[in-house]
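Colleague: In terms of our numbering, the sequence shown opens at residue 57 and continues consecutively.
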Amino acid sequence: MSRLPQQGLVLAARGWRGAAVCKSCALRRFSIQPAQQKKIPNRYLGQPSPFTHPHLLKPGEVTPGLSQVEYALRRHKLMVLIQKEAQSWDGLDHTVILLSNPTYYMSNDIPYIFHQDTNFLYLCGFQEPDSILVLQSIPGKALPSHKSILFVPRRDPNRELWDGPRSGPDGAIALTGVDEAYNIEEFRHLVAKLKGESNMVWYDLRKPVHAELHSDYMQSLTEVKARSKNRIQDVRHLVQNLRLIKSPAEIERMKIAGRVTAEAFTETMFASKSPVDEAFLYAKFEFECRARGADILAYPPVVAGGNRSNTLHYVKNNQLIKDGELVLLDGGCEFSSYVSDITRTWPVNGRFTKPQAELYQAVLDIQKSCLSLCSPGMSLENIYSLMLSLIGQKLKDLGVLESSITDSHFFKAVRKYCPHHVGHYLGMDVHDTPDISRSLPFQPGMVITIEPGIYIPEDDVSAPERFRGIGVRIEDDVVITEDAPLVLSADCPKDIYHIEQICGRRS
Numbered sequence: 057m058s059r060l061p062q063q064g065l066v067l068a069a070r071g072w073r074g075a076a077v078c079k080s081c082a083l084r085r086f087s088i089q090p091a092q093q094k095k096i097p098n099r100y101l102g103q104p105s106p107f108t109h110p111h112l113l114k115p116g117e118v119t120p121g122l123s124q125v126e127y128a129l130r131r132h133k134l135m136v137l138i139q140k141e142a143q144s145w146d147g148l149d150h151t152v153i154l155l156s157n158p159t160y161y162m163s164n165d166i167p168y169i170f171h172q173d174t175n176f177l178y179l180c181g182f183q184e185p186d187s188i189l190v191l192q193s194i195p196g197k198a199l200p201s202h203k204s205i206l207f208v209p210r211r212d213p214n215r216e217l218w219d220g221p222r223s224g225p226d227g228a229i230a231l232t233g234v235d236e237a238y239n240i241e242e243f244r245h246l247v248a249k250l251k252g253e254s255n256m257v258w259y260d261l262r263k264p265v266h267a268e269l270h271s272d273y274m275q276s277l278t279e280v281k282a283r284s285k286n287r288i289q290d291v292r293h294l295v296q297n298l299r300l301i302k303s304p305a306e307i308e309r310m311k312i313a314g315r316v317t318a319e320a321f322t323e324t325m326f327a328s329k330s331p332v333d334e335a336f337l338y339a340k341f342e343f344e345c346r347a348r349g350a351d352i353l354a355y356p357p358v359v360a361g362g363n364r365s366n367t368l369h370y371v372k373n374n375q376l377i378k379d380g381e382l383v384l385l386d387g388g389c390e391f392s393s394y395v396s397d398i399t400r401t402w403p404v405n406g407r408f409t410k411p412q413a414e415l416y417q418a419v420l421d422i423q424k425s426c427l428s429l430c431s432p433g434m435s436l437e438n439i440y441s442l443m444l445s446l447i448g449q450k451l452k453d454l455g456v457l458e459s460s461i462t463d464s465h466f467f468k469a470v471r472k473y474c475p476h477h478v479g480h481y482l483g484m485d486v487h488d489t490p491d492i493s494r495s496l497p498f499q500p501g502m503v504i505t506i507e508p509g510i511y512i513p514e515d516d517v518s519a520p521e522r523f524r525g526i527g528v529r530i531e532d533d534v535v536i537t538e539d540a541p542l543v544l545s546a547d548c549p550k551d552i553y554h555i556e557q558i559c560g561r562r563s
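1. In the DSSP assignment, what are the bridge partners of Y3?
2. Please report how far the alpha carbon of R400 lies from the alpha carbon of Q449, in whole angstroms.
3. Are the Cβ atoms of L155 and V265 separated by less than 7 Å?
4. Report back the beta-carbon spacing between S223 and G102 to the nearest angstrom; my notes put them in contact at under 8 Å.
5. Just checking, does the segment 406 to 417 make contact with the segment 550 to 559 on the three C-beta pairs under 8 Å criterion?
6. Does the segment 337 to 348 come into contact with the segment 481 to 491, if we say contact requires no fewer than three beta-carbon pairs (one atom in each stretch) closer than 8 Å?
7. With distances taken from CA atoms, which of S441, V291, S493, T489 is nearest K468?
8. What residue range does the beta strand (DSSP E) around Y511 cover?
9. Rounded to whole angstroms, how far is the Cβ of A305 from the Cβ of G121, which I believe are closer than 8 Å?
10. For the 8 Å Cβ check, are there 3 or more pairs between the segment 461 to 478 and the segment 383 to 398?
11. Identify which residue in R348, L429, F466 has its Cα closest to the Cα of A540.
12. Specify the secondary structure class of R73 as computed by DSSP and reduced to three states.
13. Do P500 and T462 have their CB atoms nearer than 7 Å?
14. Just mark G433 as buried or exposed, buried being the case when its beta carbon has 16 or more other beta carbons within 10 Å.
15. Which residue wins for smallest C-alpha separation from N157, given the options Y178, I205, D421, A142?
16. Using the C-alpha atoms, what's the distance from I506 back to L544?
17. Where does Y394 fall in DSSP's three states?
18. Whose CA, out of V136, V470, L427, V332, lies closest to the CA of K378?
19. Could you give the distance in angstroms between the alpha-carbon of G71 and the alpha-carbon of E241?
20. In angstroms with no decimal places, state the Cα-to-Cα distance between P97 and S396.
21. Which word fits M325, buried or exposed, when buried means at least 16 other C-beta atoms lie within 10 angstroms of its C-beta?
22. Should E458 be labelled buried (16 or more other beta-carbon atoms within 10 Å of its own) or exposed?
23. Do V234 and S575 count as a contact pair if the criterion is CB distance below 7 Å?
24. Assign H202 to one of two classes, buried (16 or more other C-beta atoms within 10 Å of its C-beta) or exposed (fewer than that).
25. Can you give me the Cβ contacts of R494 inside the same chain, cut-off strictly under 6 Å, excluding the 5 residues immediately before and after it?
26. Do you know whose CA, among K197, P185, V190, lies nearest R210's CA?
27. Could you check which residue in N255, L298, R283, F243 has the C-alpha nearest to that of S271?
28. For L261, which option in M502, N164, M274 has the closest C-alpha, if you only look at C-alpha atoms?
29. I need the DSSP call for L544, collapsed to helix, strand or coil.
30. Measure the Cβ-Cβ separation of Q296 and I153 and say whether it is below 7 Å.
31. What number of angstroms, rounded off, separates the C-alpha of S105 from the C-alpha of L420?
32. Name the residue from R524, S392, Q375 whose alpha carbon lies nearest to the alpha carbon of T564.
33. DSSP three-state call for S87: helix, strand or coil?
34. With H245 as the anchor, note down where its beta strand (DSSP E) starts and where it stops.
Encoded structure:
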């Protein structure tokens with residue numbers, strides 16, 4: 057990792073513009089431990105703190121359930137990976153730079169609810185826009201030794217009157233446990249020091265998450281480095297490798313997200329009736345998630361009645377679901393920065409018809425078989441291959457595919473009725489760590505989804521008429537363990553008997 061040259065260290069010890077800073081902070085030993093915990097300012101920060109939100113955060117936590125030590129350990133592990141990658145680059149300083157998200161606007165001066173870039177959030181827990189995290193190697197010390205620096209929006213009473221409080225450098229240090237923090241404008245002084253040949257910069261140049269910060273501060277650096285022998289190195293893949301394996305604290309967050317979502321599904325099933333508007337079920341599901349402490353929905357849910365369930369990403373959710381139709385609801389919530397992703401399909405009138413039950417049970421059998429394979433050494437690609445074979449056999453049994461279909465046409469025919477993969481990685485994002493191959497063997501701590509489906513459009517004249525217009529998907533969230541898979545969504549009903557019991561309670 058890059059570091060400041062010796063002259064820069066003197067500047068750092070006195071502050072970026074020569075202002076004196078705490079001597080013990082400048083001289084203390086850097087390790088995976090956060091800075092000696094400073095008292096949280098007795099005021100509101102730009103995000104919940106143990107002082108203002110003791111019902112959400114315990115002392116020492118940066119975000120609910122995740123401590124300063126947890127975040128410091130993540131930064132340490134990233135520097136270990138950089139140390140391994142940099143073995144052939146002796147004598148260089150290393151600097152990792154991650155940008156926060158900006159505030160996005162739906163129109164003029166009306167902002168969307170802010171949502172932090174998850175790679176930035178993963179490494180520091182800071183939840184304000186227009187910020188920069190820097191991890192910098194230390195002169196005279198080998199990696200993974202480093203110091204962590206946040207550059208954050210300046211305290212501004214005029215802007216805070218409109219937008220709410222900001223943490224400022226003092227609040228950022230006290231809350232997150234980083235080593236140093238400065239106002240965002242001071243970042244330009246660090247950029248100037250990184251243009252030399254002795255500095256290796258790790259930064260996601262190909263897709264900057266904050267266009268304005270990139271233009272204001274990083275563009276000139278990237279142009280210089282493009283002409284240097286020490287070109288900028290991507291850091292995104294390294295962070296994703298860390299995010300792929302969840303810590304016990306992360307899994308606890310995901311357990312809560314799974315439980316909250318399962319309860320919301322149960323209540324939404326209970327509230328179903330015929331006819332019912334998709335928008336009502338959407339609203340009911342979101343209310344039940346939020347009422348149980350979810351921050352937001354993890355993504356726009358699919359609430360698809362009847363034949364609309366055969367549109368995989370149907371999100372209009374504005375049609376009436378008729379008596380005798382199924383509804384497919386694909387939804388999840390975000391709880392303390394970790395998400396769930398569950399799908400259930402059920403009859404809005406509380407009773408499956410015989411064709412619906414046949415198709416549903418086929419998908420459920422396939423899903424349970426796939427779940428049983430979620431163990432170390434397997435992969436999503438392995439399970440996908442099995443899912444296609446199982447779907448094909450079920451479609452033959454149901455008469456959707458001819459039993460005499462040739463091997464050369466078999467998988468093409470199956471993909472017609474299930475055009476998506478068996479699952480994806482899950483974590484802080486719904487489609488988490490997207491650059492990680494689905495062929496990677498499972499390891500304990502990975503979290504995945506398992507979501508087979510069969511979709512038969514109403515205009516498919518090649519399928520038996522009784523199945524036309526029916527789409528079924530069943531999706532659960534799964535933690536890979538050394539032993540049996542841990543299904544985070546296990547409380548969400550999916551057996552036909554249990555679904556009909558819940559939907560029938562209203563009578």
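For glycine and all other residues, C-beta sits at the position ideal for the given N, C-alpha and C.
Modeller: According to the structure shown:
1. What is shown of the chain runs 57 to 563, which leaves residue 3 out entirely.
2. Looking at the two C-alpha atoms, the distance is approximately 22 Å.
3. Their beta carbons are under 7 Å apart, which means L155 touches V265 by this criterion.
4. With 8 Å as the limit, S223 and G102 qualify as a contact, their Cβ atoms being about 4 Å apart.
5. Taking a contact to require three or more Cβ pairs closer than 8 Å, the segment 406 to 417 and the segment 550 to 559 qualify as touching.
6. Proximity of the segment 337 to 348 to the segment 481 to 491 falls short of the contact definition, fewer than three beta-carbon pairs being nearer than 8 Å.
7. Looking from the CA of K468, the closest CA among S441, V291, S493, T489 belongs to S441.
8. From DSSP, the beta strand (DSSP E) with Y511 extends over 509 to 512.
9. About 6 Å separates the beta carbon of A305 from that of G121, a gap short enough to meet the 8 Å contact definition.
10. They do not touch, by the three-pair rule.
11. Of R348, L429, F466, the residue nearest in Cα terms is L429.
12. Low local confidence applies: a pLDDT of 38 at R73 is under 50, so the model's placement there is unreliable, and no value is given.
13. No. Outside cutoff.
14. It counts as exposed.
15. Looking only at Y178, I205, D421, A142, the smallest Cα-Cα distance to N157 is reached by Y178.
16. Distance between the alpha carbons of L544 and I506 is about 11 Å.
17. Residue state, collapsed to three classes: strand.
18. The shortest C-alpha separation from K378 is found at V332.
19. Confidence is the limiting factor: at G71 the pLDDT is only 42, short of 50, which leaves the residue's position unreliable and the question unanswerable from this model.
20. Cα-Cα distance, rounded: 33 Å.
21. By the 10 Å Cβ count, M325 comes out buried.
22. Note on E458: under 16 other CB atoms within 10 angstroms of its CB, so exposed under the neighbour-count rule.
23. The shown model of the chain, from 57 to 563, leaves out residue 575, and the question about it has no answer.
24. H202 is buried by the Cβ-count criterion.
25. If we look at R494 and ignore the five residues flanking it on each side, its Cβ neighbours are L436, E437.
26. If we check each option's Cα against that of R210, P185 comes out closest.
27. Taking only the C-alpha atoms, the option nearest S271 is F243.
28. In this structure, M274 is the residue among M502, N164, M274 with its C-alpha nearest to the C-alpha of L261.
29. In this structure, L544 counts as coil in the three-state DSSP scheme.
30. Taking a C-beta distance under 7 Å as the contact criterion, Q296 and I153 do not qualify as a contact pair.
31. For S105 and L420, the distance between alpha carbons rounds to 43 Å.
32. Outside the shown range of the chain (57 to 563) lies residue 564, about which nothing can therefore be said.
33. Note that S87 scores 42 on pLDDT, short of 50, meaning its location in the model is unreliable and no value can be drawn from it.
34. Run containing H245: none in the beta strand (DSSP E); it sits in the alpha helix (DSSP H), 243 to 249.
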